[in-house]
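Trainee: This structure is in structure tokens; I'll ask about it shortly.
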Amino acid sequence: MKTIKEPGGIYIHIPFCIKKCDYCNFYSVPDLSLEQDFVNALVKEITMAAAQVCFPCNTIYMGGGTPSTLKTKHIQKIIKSIFKNLNILPDPEITIEVNPGTVNTDTLKAYFDAGINRINIGVQSFNNENLKFMGRIHSVQDAENALKWAEDAGFVNTGIDLIYGLPAQNQDLWIYDLQKAVNHKPAHISCYMLTFEHGTPLDKRRLKGEFSLLDDEISGNLFETTINFLKDKTYEQYEISNFAKTKAQRSKHNLKYWSFAPYLGLGPSAHSFLFPKRQWNYNSLKKYITSIKKGNLPVKGSEILNREQQIMEFIYLGLRTNQGIDTDMFNRYFNINFYQVFGNLVKELKKQGIITGDTAFCALSKKGMRFQDSITRMFMCQDF
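Note that UniProt numbering has the sequence shown beginning at 1, numbered continuously upward.
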């Protein structure tokens, strides 16, 4: 496969949360007493990682955890260190995730002044009962305040995250959340189907029979409602869960993941893609800090993707986007013809209305997006 030359991205995992949400399985800790040690270790990791990262980057993304639990001076220090040590192209997209209830006007203004130009607010729902069910620490009023304060601070590229598919949720209740989000005129809206990850408090409650899951038909209808409602409000779907007002307001960083671009992950549990290698850091804050104090990168493990893995990831990620698989890029990267290998499968799926597109792009239809994982497995069964 040819080397991918697209600019890369930087992901920073901030591992602190006041309280872990009941559905979340991302790594986080509630103990902020290690904040200073973490920031010192992260800055050192940035300088150490600079030696292994030769690609220029045009996106920086702070996720977690809850980045907005950090002191603003620490956020500023992290950004300065990245610009000092890594090859950051002019005018990068710099995103921070914030949770309502953890920010105020001064916090958001400090982020904006530090050069952060995109903010993702984890609203999840405009219904207090839904928030309580998911174990969120904030209220609807906290979310309303955070959105107003972000606008007051100067942010124009604001994203709202929502979760749907909750037990007993119907179309009217979901449309209420969507309409409330649209009323704030965000540049970007992400809508994620609730998943029950093994070992989470919400999954344990499910196993005890405390509630019933939505059936597949209702879940599918909510997915279609999302697409149709936001399209009517002039939000373009560009990935299964993501919608933007304009092409310029899409998440440039997340597009890295779906376009097979390189990215460097910093912080505990962060993953990197340094083609053809994937690597991941310790998912323990103490092990992360200890490793760096000893002068070692905090890498827990890595793997080199073989040719088959590369092809399958390229297809899986491409099918997540509205554009679909760029077949010309596929041909150039892998030195095989996409339609010679997958042509019969594509032809059959087109007959079923599951795949659309021309010879340049192979994309899932709205119907097909409901079954993306199953369709990817069909591609995996082909000989290449």
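Glycine residues also receive a C-beta, built at the ideal position from the N, C-alpha and C atoms.
Treat the numbers as computed from the prediction; the structure is a model and nothing was measured.
Ile60 and Pro90 - do their beta-carbons sit closer together than 9 Å?
Mentor: no
Trainee: Does DSSP put Asp22 in a helix, a strand or coil?
Mentor: coil
Trainee: So, helix, strand or coil for Gly318, using DSSP?
Mentor: helix
Trainee: Using the rule of at least 16 other Cβ atoms within 10 Å of the residue's Cβ for burial, across every protein chain shown, is Phe211 buried or exposed?
Mentor: exposed
Trainee: Within its chain, find whatever has a CB closer than 7 Å to the CB of Pro30; leave out the 5 residues flanking it on each side and keep chain order.
Mentor: Cys17, Ile18, Lys19
Trainee: Distance, Cα to Cα, Ala181 vs Ala146?
Mentor: Between Ala181 and Ala146, the alpha-carbon positions lie close to 13 Å from each other.
Trainee: Please go through the stretch 59 to 104 and give each complete beta strand (DSSP E) segment of 3 or more residues, from N-terminal end onward.
Mentor: List check, beta strand (DSSP E) in window: 88 to 98.
Trainee: Return the bridge partner residues of residue 389 from the DSSP annotation.
Mentor: Any question about residue 389 goes unanswered here, given that the chain covers just 1 to 384.
Trainee: Count the other CB atoms, across all protein chains shown, that sit within 10 Å of the CB of Ser374; report buried if there are 16 or more and exposed otherwise.
Mentor: exposed
Trainee: Can you tell me whether Gln237 is buried or exposed? The criterion is at least 16 other CB atoms within 10 Å of its CB, across all chains shown.
Mentor: buried
Trainee: Pull up the DSSP beta-bridge partners for Glu239, would you.
Mentor: In the DSSP output, where bridge partners are listed per residue, Glu239 has Asn242, Thr321.
Trainee: With Phe361 as the anchor, note down where its alpha helix (DSSP H) starts and where it stops.
Mentor: It is not in any alpha helix (DSSP H) - Phe361 instead sits in the beta strand (DSSP E) that spans 361 to 364.
Trainee: Going by beta carbon distance, what residues of the same chain come within less than 7 Å of Gly295, once the five residues before and after it are set aside?
Mentor: none
Trainee: For Tyr288, count neighbouring Cβ atoms within 10 angstroms of its own Cβ and tell me buried if that reaches 16, exposed if not.
Mentor: buried
Trainee: What do you get for Asn344, buried or exposed, if any count of 16 or more other CB atoms within 10 angstroms of its CB means buried?
Mentor: exposed
Trainee: Three or more C-beta pairs under 8 Å: does that hold for the stretch 342 to 357 against the stretch 271 to 278?
Mentor: no
Trainee: Return the first residue and the last residue of the beta strand (DSSP E) that Leu266 is part of.
Mentor: 263 to 266
Trainee: Using the Cβ count rule (16 or more neighbours within 10 Å means buried), how would you classify Val156?
Mentor: exposed
Trainee: Report yes or no: do three or more beta-carbon pairs, one from the stretch 183 to 203 and one from the stretch 248 to 263, lie closer than 8 Å?
Mentor: yes
Trainee: Hey, out of Phe126, Asp152, Lys351, whose CA is closest to Val140's CA?
Mentor: Phe126 is the residue among Phe126, Asp152, Lys351 whose C-alpha sits nearest the C-alpha of Val140.
Trainee: Helix, strand or coil for Arg205? Go by DSSP, reduced to three states.
Mentor: helix
Trainee: Taking the alpha carbon of Lys347 as the point to measure from, which residue in Ala363, Asn335, Met62 has its own alpha carbon closest?
Mentor: Ala363
Trainee: How about Phe384: is its C-beta nearer than 9 Å to some C-beta of chain D?
Mentor: Absent here is chain D; the protein component of the structure consists of one chain.
Trainee: Ends of the alpha helix (DSSP H) at Leu147?
Mentor: It spans 140 to 153 - the alpha helix (DSSP H) in which Leu147 sits, taken as one unbroken run.
Trainee: Using the three-state DSSP reduction, which class does Leu345 fall into: helix, strand or coil?
Mentor: helix
Trainee: Which two residues bound the contiguous beta strand (DSSP E) that contains Phe273?
Mentor: Taken as a continuous stretch (DSSP letters only), the beta strand (DSSP E) holding Phe273 covers 271 to 274.
Trainee: What is the DSSP secondary structure of His184, reduced to helix, strand or coil?
Mentor: coil
Trainee: Answer with buried or exposed for Arg370, where buried requires no fewer than 16 other C-beta atoms within 10 angstroms of its C-beta.
Mentor: Around the beta-carbon of Arg370, 16 or more other beta-carbon atoms lie within 10 Å, marking it buried.
Trainee: Buried or exposed, going by whether 16 or more other CB atoms sit within 10 Å of the CB of Gly101?
Mentor: Answer is buried; the Cβ neighbour count reaches 16.
Trainee: So is Thr226 buried or exposed if we call it buried at 16+ other beta carbons inside 10 Å?
Mentor: By the neighbour-count rule (16 or more Cβ atoms within 10 Å), Thr226 is buried.
Trainee: For Glu45, is the classification buried or exposed, using 16 other Cβ atoms within 10 angstroms of its Cβ as the cut-off for buried?
Mentor: buried
Trainee: Select from Gly9, Glu97, Val98 the residue whose C-alpha is nearest the C-alpha of Ile88.
Mentor: Gly9
Trainee: Which one of Gly65, Glu313, Phe83, Lys73 has the shortest CA to CA distance from Pro56?
Mentor: Phe83
Trainee: Taking three-plus beta-carbon pairs below 8 Å as touching, is the stretch 118 to 132 in contact with the stretch 156 to 176?
Mentor: A contact between stretches requires three or more CB pairs, one per stretch, nearer than 8 Å, and the stretch 118 to 132 meets this requirement with the stretch 156 to 176.
Trainee: Roughly how many angstroms lie between the CA atoms of Lys351 and Asn322, to the nearest whole one?
Mentor: 19 Å
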